[in-house]
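Single-structure report; data block below.
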Amino acid sequence: MSQITPEVIAAHSITPDEYERIVSILGRHPNLTELGIFSVMWSEHCSYKSSRVHLKKLPTRSKLVVCGPGENAGILTIGDDPDGNEWCIAFKIESHNHPSFIEPFQGAATGVGGILRDIFTMGARPIAVMDALRFGPLDDLKTGPRNRRIVDGVVHGIAHYGNCFGVPTVGGETNFEPSYAGNPLVNVFALGVFRRDQIFYGKACGIGNPVIYVGAKTGRDGIHGATMASGEFTEDSMQKRPNVQVGDPFMEKLLLEACLEAMQTGSIAGIQDMGAAGLTCSTCEMGSRAGTGIEIDLMHVPQRETGMTPYEIMLSESQERMLLVAHKGRENEVLDVFRKWGLDARIVGEVKDDGMMRVRDHGEIVAEIPSRPLADEAPVYHRPYTTPLRPEKMDAPAFASKDLTADLFTLAASQDLCDKRWIWEQYDYMVRTNTVEGPGGDAAVLRIKETGTSVAMSLDGNGRYTFLDPRQAAKLMVAECCRNLACTGALPIGATNNLNFGNPERPEIMAQIVEAIEGMAEACEFFGTPITGGNVSLYNETLGDPIFPSPVLGIVGLMKTQAPAGIAFRNPGRDVYLIGGLGAADEIRMGGTQYAKQVVRDLWGLPPALDMPFEKQVQAAVREMVTSSAVESAHDLSDGGLAWALTESTFGRETGASIDLDSDLRPELLLFHEGPSRLIVSTSDPAAVEKIAAAHGVPALKIGQTSDGSLVIRNRGTVLIRTQVRELKQCWASALENLLHAEVHA
Amino acid sequence: MKFGVVVFPGSNCDHDAWYAASHNVGHQAEFLWHSDTDLKGSDCVILPGGFSYGDYLRCGAISKFSPIMAAVRKHAAEGGLVMGICNGFQILTECGLLPGALVRNRGLKFICKPVPLTVATSDSPFTSAYAKGAEILIPIAHGEGCYTADQRTLDQLEAEDRIAFRYVDNPNGSLRDIAGVLNETRNVMGMMPHPERATDPLMSSTDGLGVFHSLIASFATQAK
Chain A
336 MSQITPEVIA AHSITPDEYE RIVSILGRHP NLTELGIFSV MWSEHCSYKS SRVHLKKLPT
396 RSKLVVCGPG ENAGILTIGD DPDGNEWCIA FKIESHNHPS FIEPFQGAAT GVGGILRDIF
456 TMGARPIAVM DALRFGPLDD LKTGPRNRRI VDGVVHGIAH YGNCFGVPTV GGETNFEPSY
516 AGNPLVNVFA LGVFRRDQIF YGKACGIGNP VIYVGAKTGR DGIHGATMAS GEFTEDSMQK
576 RPNVQVGDPF MEKLLLEACL EAMQTGSIAG IQDMGAAGLT CSTCEMGSRA GTGIEIDLMH
636 VPQRETGMTP YEIMLSESQE RMLLVAHKGR ENEVLDVFRK WGLDARIVGE VKDDGMMRVR
696 DHGEIVAEIP SRPLADEAPV YHRPYTTPLR PEKMDAPAFA SKDLTADLFT LAASQDLCDK
756 RWIWEQYDYM VRTNTVEGPG GDAAVLRIKE TGTSVAMSLD GNGRYTFLDP RQAAKLMVAE
816 CCRNLACTGA LPIGATNNLN FGNPERPEIM AQIVEAIEGM AEACEFFGTP ITGGNVSLYN
876 ETLGDPIFPS PVLGIVGLMK TQAPAGIAFR NPGRDVYLIG GLGAADEIRM GGTQYAKQVV
936 RDLWGLPPAL DMPFEKQVQA AVREMVTSSA VESAHDLSDG GLAWALTEST FGRETGASID
996 LDSDLRPELL LFHEGPSRLI VSTSDPAAVE KIAAAHGVPA LKIGQTSDGS LVIRNRGTVL
1056 IRTQVRELKQ CWASALENLL HAEVHA
Chain B
9 MKFGVVVFPG SNCDHDAWYA ASHNVGHQAE FLWHSDTDLK GSDCVILPGG FSYGDYLRCG
69 AISKFSPIMA AVRKHAAEGG LVMGICNGFQ ILTECGLLPG ALVRNRGLKF ICKPVPLTVA
129 TSDSPFTSAY AKGAEILIPI AHGEGCYTAD QRTLDQLEAE DRIAFRYVDN PNGSLRDIAG
189 VLNETRNVMG MMPHPERATD PLMSSTDGLG VFHSLIASFA TQAK
């Protein structure tokens, strides 16, 4: 047995204080296997030790919440089917940032695999996936070639895994900033459906019940993945490639079907996937949740390599594995199902009453740790925080547009706003035939065949806003997600968050985290969207440079099943309304906009202001307009402001618009400010639109009409923008591919 | 009429085909497990899309050895209806029930989108409900859908009116724009596009209903 030296302890990212705590829990020094087990369970990734005290501020309850944070995924009830069965959705977001930088294809693929297991381990069948992706700029002279390779690898990895598994990837968002060049973000949001009486929890219930290992064999891949995901990138990070797991979506598909079928037999007492920290995490968490212990013998664990040590088996993050507890005497029913699907299923141990996680190797005890302190009593840090790190500039630089139409083309061709079809056409976004609204809209809509209702999903985050003001940006993010849902007619009911930040040991980064969480908590409370689970990804830094603080939010909403209006203007000659009015704007609040980024090429000031009660009224009005079919299209204003929202509305059917505004704002602000609480609708029934808006007390400005193929925007008679829709669309549609396949100019 | 949908390990459009046949078209449909040898009285066997056996080795190359395939071959030889969709088409070419092969898309990328097709023949149990030459919108979702065969086979397929569907804007490099083909006796068809995904007014198109309606009409005529 190796000596436990201070160097060995440090190499496991365990601090001297943490080591003291381990010794006091065990009443002795740990052996190397035990030290490894503590190091993964107490890693930032598994224990949330830096964020836990602040995560408690988030709202987690509502009448619809069946299961909040702490399980593998959050669960909400969505109503009954015609036979009176109650149906639920399970959903969660997970990041796979660090692995995706080191090995983009496998990193992204296993990110999808991991979150899918979190969903079906609870008994739900996954029906949709969305992704939030952040990369370095494709056209950067120095990092561009690598950024392009990462984009290609990540997209291919997501496609490979999701397509083969058979879950539709129904949308998401992709943005580019230099701060992501050395640390891309890959956040995957997955959702599944099931009956309430089919929910399974990750609990090792029933003393004497057999513990069964199912799925792929254990190999040496991914050892210390969770610890890696909790450290900054340094020069030798690329040497960590063997830490990245390798995914097999075919195996996962078999595991899904076998698990759901085995659950139907009624012989399973509890089940949990082996994700981060593998066998270690599942054994101690299942015991801890049930107040029991699990004893296993590693000689029964199916292995794909020979000569693996207990340390390696316990810490392996080989994919597509599950640990389940069967009711004693009924284990053969479980084993039979897995045999039918051609999967390994082996009894590896049993549930004990002593609260210990006991690991044997051919009978000899190699690790013996009390489950609860290991799983739930990781150190909790009240890390010091000051004021958030933010750009120095508050005041706006002088800017003035020479040609606003040219600026619109600049936005259309920009990496953030251009057509992402190249990405999402590589994803099967229709499999399982539930996708009512797929990629390219404001929100995705999935029908639930069993209940005759639909769920809408939206994903949002804005690193630039968050860098300017984390608290305000977090509120704007919640508001925008809910506004996206309003466009489809859905009522927001729950949320999941992924907190991507830099090193929490730096007080100015910790301040970003705290403020973002508090802002999110306030807004989620206000909009009635409890956070039922999520993920924290810290230490997103490379060589000391942090990413933009990048919280990402996934929100789900509920609606009657009907085809949503969609964002596209459908017919010429319809009235165009701006619901919510022109909004307020000033130079300082232009600093985080796409206009500032793409045209002024700078970042300053503050994100837009938000009036939450007004936002809620606007959303209620638009939701009613959509559900009562008063409008033919609905699209929210966000990135790129009014001009960009109008532009996107013209693309679907190349239906133009003639718009006349009446405002004192200077044109750059009028067209491109990103003030929230505003949506564009087109209608053949203006009276209905005005009536609904009035009933909700929100302004509905009639700003023009849809037309044949040109987009013209005037303010008080002065033409600000005039272009052919087709030309602008061509520019928008070809931009991403041009950037990805650009020759490298050195 | 009864549809049997084969479930191979890795099939993932099995449920979609079953749902289209049972709910959207309103006929009987049942799953058939790949290691069984009984078609359970199915009148039309559907080999669904997906990634049977993970597409390992080659798409469809392992599935052709599944025990159910002996029963499917026998069913086809006796004139029974067999339709392969996407991965099912790949399996039918691998096991020799249809000529040619499906190779990687010309662009080397997976493509998912609704594409326009022309109905190349209405003289088959799979296409009789369409007018010959009609343009329909059906989704594709595949990485290896480029139809390939030697010159003589292609000529023969054309001469014998055995091309069921053609792409209007060829998305994957298929020779002669072929999207679906028939066997010599016209009771086996394979196609890369997914008609089952276009059978519901909530989805992008309902043009795929024609395939099912053709099958039902043909079965009704046969039964008389």
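These protein sequence lines map, in sequence, to chains A and B. As numbered in my numbering, residues 336 to 1081 make up the first sequence, in order. As numbered in my numbering, residues 9 to 232 make up the second sequence, in order. Where is the CB? At the ideal position from N, CA and C, for every residue including glycine. The model shown is predicted, which means the values in this text are computed figures rather than measured ones.
Which whole-angstrom value is the C-beta distance of P943(A) and P884(A), which I expect to be below 8 Å?
Beta-carbon to beta-carbon, P943(A) and P884(A) are separated by about 17 Å, too far to satisfy the 8 Å threshold.
Between the C-alpha atoms of K810(A) and E857(A), what's the straight-line distance to the nearest angstrom?
Cα to Cα, K810(A) sits roughly 7 Å from E857(A).
What number of angstroms, rounded off, separates the C-alpha of L913(A) from the C-alpha of A919(A)?
L913(A) and A919(A): Cα-Cα distance of roughly 14 Å.
By Cβ distance below 6 Å, which residues in the same chain neighbour R1082(A) in space, the five residues on each side in sequence not counted?
Chain A is shown only over 336 to 1081; residue 1082(A) falls outside these bounds and no answer can be derived.
So is E512(A) buried or exposed if we call it buried at 16+ other beta carbons inside 10 Å?
Burial check for E512(A): the Cβ neighbour count within 10 Å reaches 16 or more, so the residue is buried.
With a floor of 3 residues, list each beta strand (DSSP E) that falls wholly inside the segment 36-88 of chain B, ordered by position along the chain.
With a minimum length of 3 residues, the continuous beta strand (DSSP E) runs that stay inside the segment 36-88 of chain B are 36-41 and 52-55.
Measuring only between beta-carbons, confirm whether T768(A) sits less than 8 Å from chain E.
Annotation note: the requested chain E is absent from the structure, which comprises protein chains A and B.
Measure the Cβ-Cβ separation of S212(B) and P122(B) and say whether it is below 8 Å.
Cβ distance < 8 Å, so S212(B) and P122(B) count as in contact.
In DSSP terms, what T509(A) is bridged to:
DSSP, once it has assigned bridges, lists L468(A) as partnering T509(A).
Just to confirm, are L324(A) and L826(A) a CB contact at a threshold of 8 Å?
Shown here, chain A extends from 336 to 1081; a query on residue 324(A) therefore has no answer.
Between T456(A) and S430(A), what straight-line distance do the alpha-carbon atoms span, to the nearest angstrom?
Those two C-alpha atoms are separated by around 18 Å.
Quick one: what's got a C-beta closer than 7 Å to A710(A)'s C-beta in the same chain, skipping five residues either side?
Scanning its chain for C-beta atoms nearer than 7 Å, with the 5 sequence neighbours on each side dropped, one finds around A710(A) the residues M376, C619, E620 and S623, in chain order.
For D1020(A), which of A1068(A), E967(A) and D971(A) has the nearest alpha-carbon?
The candidate whose alpha carbon is nearest that of D1020(A) is E967(A).
Which first and last residues belong to the alpha helix (DSSP H) in which T982(A) is found?
Judged by DSSP secondary structure, T982(A) falls within the alpha helix (DSSP H) whose first and last residues are G976 to F986.
Can a CB atom of chain A be found closer than 8 Å to the CB of F59(B)?
Cβ-Cβ to chain A under 8 Å: yes for F59(B).
Taking only runs of the alpha helix (DSSP H) that begin and end inside the segment 762-849 of chain A, which ones reach a length of at least 4 residues, in chain order?
For the segment 762-849 of chain A, the full-length alpha helix (DSSP H) segments reaching 4 residues or more read 798-803 and 805-823 along the chain.
What residue does the alpha helix (DSSP H) around W757(A) start on, and which one ends it?
Per DSSP, W757(A) belongs to the alpha helix (DSSP H) from R756 to W759.
Taking a cut of 7 Å between CB atoms, which residues from the segment 142-156 of chain B lie near chain A?
Per Cβ criterion, the list reads P147 and A149.
Spatial neighbours of L670(A) within its chain, please: CB distance less than 6 Å, with the 5 preceding and 5 following residues excluded, ordered by chain position.
Closer than 6 Å at Cβ, skipping near neighbours: A680.
Which residues, in chain order, does the segment 742-767 of chain A contribute to contact with chain B at a C-beta distance below 7 Å?
Residues E760, Q761, Y762, D763, Y764, M765, V766 and R767.
Thinking G517(A) and D880(A) are a contact (beta carbons under 8 Å), I'd like their distance in whole angstroms, please.
Sure, about 7 Å apart at Cβ, within 8 Å.
So I119(B) contacts chain A; which residues on that side make the cut at Cβ distance below 8 Å?
Simply E760 and Q761.
Alpha carbon to alpha carbon, how far is V1033(A) from V127(B)? Give it in angstroms, no decimals.
Taking the straight line from one Cα to the other gives about 51 Å.
Among Q36(B), A142(B), G18(B) and T156(B), which has the Cα closest to the Cα of F220(B)?
Taking only the C-alpha atoms, the option nearest F220(B) is Q36(B).
May I ask you to list, following chain order, the residues of the segment 585-615 of chain A that have a beta carbon less than 7 Å from some beta carbon of chain B?
Cβ contacts with chain B come from F585, K588 and L589.
Reference A459(A), options M598(A), C540(A), P472(A) and H970(A), closest by Cα
Of the candidates M598(A), C540(A), P472(A) and H970(A), the residue whose Cα lies closest to the Cα of A459(A) is M598(A).
Between R576(A) and I437(A), what straight-line distance do the alpha-carbon atoms span, to the nearest angstrom?
Any reading at R576(A) must be qualified, since the residue scores a pLDDT of 49, below 50, and its modelled position is unreliable; the value itself is stated next. Spanning the two alpha carbons is a distance of roughly 6 Å.
Quick check: what's the CA-CA separation for P417(A) versus A830(A)?
Inter-residue distance for P417(A) and A830(A) is about 27 Å (C-alpha atoms, whole angstroms).
Beta-carbon contacts of R112(B) that lie in its chain and below 8 Å, excluding the five residues immediately before and after:
Non-local C-beta neighbours of R112(B) in its own chain, meaning closer than 8 Å and more than five positions away in sequence, comprise G151, E152 and C154, ordered along the chain.
Could you tell me if P351(A) is buried or exposed, where buried requires 16 or more neighbouring beta carbons within 10 angstroms of its beta carbon?
Exposed, by the Cβ-count rule.
Report the option in G403(A), E596(A), R958(A) and K538(A) whose CA atom is closest to the CA atom of G892(A).
Of G403(A), E596(A), R958(A) and K538(A), the residue nearest in Cα terms is R958(A).
Are the CB atoms of Q952(A) and L746(A) nearer to each other than 8 Å?
Not a contact, by the Cβ cut-off of 8 Å.
Do we get a CB-CB distance below 8 Å when we pair N420(A) with the residues of chain B?
Closer than 8 Å: no.
Short of 7 Å in beta carbon distance, which residues of its chain neighbour A346(A), apart from the five on each side in sequence? Order them along the chain.
Closer than 7 Å at the Cβ level, and outside the excluded window around A346(A), lies no residue.
Give me the Cα-Cα distance between E379(A) and S348(A), rounded to the nearest whole angstrom.
Computed Cα separation, rounded: 10 Å.
Relative to chain B, which residues along the segment 1043-1073 of chain A have a C-beta separation below 9 Å, given in chain order?
Answer in chain order: no residues at all.
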